[in-house]
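Numbered continuously in the working numbering, the sequence shown closes out at residue 1178. For reference, the structure discussed in these notes is given below.
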Amino acid sequence: MKGPILFLGIGGSGMSSLAHMALDLKLPVLGYDKKKSETTEYLEKRGAIIKNDITKIPLEGIEMVVFSSAINDKHKQVFDEIKNKKIPLKHRSEFMHLLVSNQKSISVAGSHGKTSTTTMVSQILTELGMDPTIMIGGDTSLLEKRGGKIGTGKYAVYESDESDGTFLGHKASIRLLTNIDNDHLDYYKTRERLEAAFFEYIAFGTAGDSVLYANDPGIRDVLLHKTKNLQVSQDFRLYLCIEKQEIKSDWFLSLETILRNQLIPVIYEIKEDILEFDFPGFVTLSLQLPYPGVHYLTNGLVALVGAFVAGVSPELSVEILSRYIGVKRRQEILGNWNEVTVMDDYGHHPTEIAMVIRSLKNKLKSDGKLVVLFQPHRYTRTQLLVKELAESLSLAETLMILPIYSAGESPIPGITHKSFLPFLTTKNAEFLIGEMDLDLISIKSKLKPRDMLLCLGAGNVRDWGLQLLEDKSQL
704 MKGPILFLGI GGSGMSSLAH MALDLKLPVL GYDKKKSETT EYLEKRGAII
754 KNDITKIPLE GIEMVVFSSA INDKHKQVFD EIKNKKIPLK HRSEFMHLLV
804 SNQKSISVAG SHGKTSTTTM VSQILTELGM DPTIMIGGDT SLLEKRGGKI
854 GTGKYAVYES DESDGTFLGH KASIRLLTNI DNDHLDYYKT RERLEAAFFE
904 YIAFGTAGDS VLYANDPGIR DVLLHKTKNL QVSQDFRLYL CIEKQEIKSD
954 WFLSLETILR NQLIPVIYEI KEDILEFDFP GFVTLSLQLP YPGVHYLTNG
1004 LVALVGAFVA GVSPELSVEI LSRYIGVKRR QEILGNWNEV TVMDDYGHHP
1054 TEIAMVIRSL KNKLKSDGKL VVLFQPHRYT RTQLLVKELA ESLSLAETLM
1104 ILPIYSAGES PIPGITHKSF LPFLTTKNAE FLIGEMDLDL ISIKSKLKPR
1154 DMLLCLGAGN VRDWGLQLLE DKSQL
């Protein structure tokens, strides 16, 4: 390519990762994003030219335009002009496939845990000198704040985002699936269509290997209800991470009959913070991670099985994951304020919220209480999952809720952060106004030494935690 590639919404996590990968290939990068951020500043430092007014970007000479689903009808005029000039227009998933077309792919899908699991696989391959191409929708020290990088190795590892259905265009030879949950129903409309999409992702009818965490209820339902009369390719193999007590269940025995020699069970059980598993041909192995929570252990199991399919011994993966580096905004400790630990987590779906609250309460035990500062993410998600979100948030001992972070959505009449009130069972809940200085007065009044403040949500809730850390006042 001689002309620049234009990335629309270049500051987003997925788009910025792709832009960094393009820069690795010495391709000229032009970008649009209405907001300046640390992400856009880093891209500019590496050579990207970024504008905050889409109408002021000259289209002459542009080789390709890459867009995401975040670019919407507000930009119709620019899209029309791009089409009139016959400039190739590629969705971000299509562009990623172009970047990794010369490598074998390991894709990671699931309603939760994609970023952590992708990071785990990437860390394993990187530490072993396999130099993979990597695309991660989060900030990890593995990539030095880039989110994506081009490697010279045999494999490319990337997240497969199901939010808009484009993940079904990924043609990975190794497919990992962590779970299936009720998210992005604004796109899929029904649970049945969501499950059908994930079933298609598993790709029983094609060559390759799929690794599933089969103790997830969503995945188990799909295997139970959608594998009857299943047409399976002779070159397909299914690695099934399954809890020991489930290996005699009807759904597993039925699947075992259908797949016969193409099914490889990886049987595990969890004892406190240690996951023990039996891998065919290996002695029983134990996995322990630096981060608390069953979800991290099960993500780690899926990751090391995926690495095994790529040629890595499970013993090596266990040793590498014992020092798992983590991802920014996943149980990230921001600092300490007056003996209060301030933590940030990206969790914004009911299942994620429940998992992180339970794991942190278990970690704290009697040392102090968990104070949760939650920021709802998107009006549509709040409307669709208000009851489920409230049930998960009610696990918190002390709860404070910020106004909804719109993520570019228009408000929905009657849907606010106070929509949770009828469904909350915790009595210690407060609704904040979204003005940081005033909110912090309320937040500080809830904190005592040895407590933990958890800033929870996919928006900018961490800013409240960071501002608290700059406060020098005493409790």
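Just so it is clear, CB atoms sit at the ideal spot from N, CA and C, and this is done for glycine as well. Remember, predicted model here, so these are calculated numbers, not experimental data.
By the neighbour-count criterion, in which a residue is buried when 16 or more other Cβ atoms sit within 10 angstroms of its Cβ, K1090 is exposed. The bridge partners DSSP lists for G734 are F710, I753.
With the rule of 3 Cβ pairs closer than 8 Å, the segment 713 to 721 counts as touching the segment 733 to 744. Taking 3 residues as the shortest admissible run, the segment 847 to 889 contains the following complete beta strand (DSSP E) segments, listed from N- to C-terminal end: 858 to 862, 877 to 880. Just so you know, the alpha carbons of A875 and A1010 end up roughly 14 Å apart. For E946, the secondary structure class from DSSP, reduced to helix, strand or coil, is strand. L1156 places its beta carbon less than 8 Å from that of V1045. For N805, the closest of I757, R940, A859 by C-alpha to C-alpha distance is A859.
Residue range 779 to 787 is occupied by the alpha helix (DSSP H) that includes N787.
Of the other Cβ atoms in all chains shown, 16 or more fall within 10 Å of the Cβ of K817; this residue is therefore buried. Measuring C-alpha to C-alpha distances from V1005 to each of Y916, P920, I1023 identifies Y916 as the nearest. In this structure, the straight-line span from the alpha carbon of A1013 to that of Y1082 is close to 41 Å. With distances taken between CA atoms, L1172 lies nearest to I1036 out of S1020, P1053, I1036.
Comparing alpha carbon positions, the residue from E1100, E763, A1093, E895 closest to H1120 is A1093.
Burial check for R1026: the Cβ neighbour count within 10 Å stays below 16, so the residue is exposed. Secondary structure of A812 (DSSP, three-state): strand. Boundaries of the beta strand (DSSP E) harbouring A1132: 1132 to 1134, taken from the DSSP string. Annotation for Y745: no beta strand (DSSP E) segment contains it, though the alpha helix (DSSP H) segment containing it runs 741 to 748.
Of the candidates Q780, L726, S825, S825 places its Cα closest to the Cα of V1015. The secondary-structure analysis by DSSP pairs F770 across a beta bridge with H794. In terms of Cβ geometry, T1054 and D884 form a close pair [threshold 8 Å]. For the pair of segments examined, the segment 918 to 936 was found to touch the segment 948 to 965: the number of CB pairs separated by less than 8 Å reaches three. Separation of K947 and Q991 (C-alpha to C-alpha, rounded to the nearest whole angstrom) is 18 Å. CA-to-CA, the gap between D1154 and I1146 works out to about 12 Å. V1089: not part of any beta strand (DSSP E); member of the alpha helix (DSSP H) spanning 1082 to 1096, first to last residue. Contact annotation: M823 and G1003 have beta-carbon atoms nearer than 8 Å. In summary, E741 is exposed, with fewer than 16 beta-carbon neighbours lying within 10 Å of its beta-carbon over all protein chains present. Under the three-state reduction of DSSP output, P1125 falls in the helix class.
Here the alpha carbon of E744 sits roughly 39 Å from the alpha carbon of E1100. Here the segment 1106 to 1122 lies against the segment 1157 to 1170, with 3 or more beta-carbon pairs under 8 Å apart. Counting every other CB atom within 10 Å of its CB across the protein chains shown gives I1060 a total of 16 or more, marking it as buried. At a Cβ-Cβ threshold of 8 Å, I905 and R940 do not count as neighbours.
By a beta-carbon distance limit of 8 Å, V769 contacts F710. Their separation comes to about 5 Å. Nearest to S1148 by C-alpha distance, out of S1095, A910, V1074, R795, is V1074. Within the same chain, Cβ atoms closer than 6 Å to the Cβ of L927 are found at W954, the five residues on either side in sequence being excluded.
Contact annotation, E797 with G872: C-beta distance approximately 7 Å; criterion of less than 8 Å satisfied.
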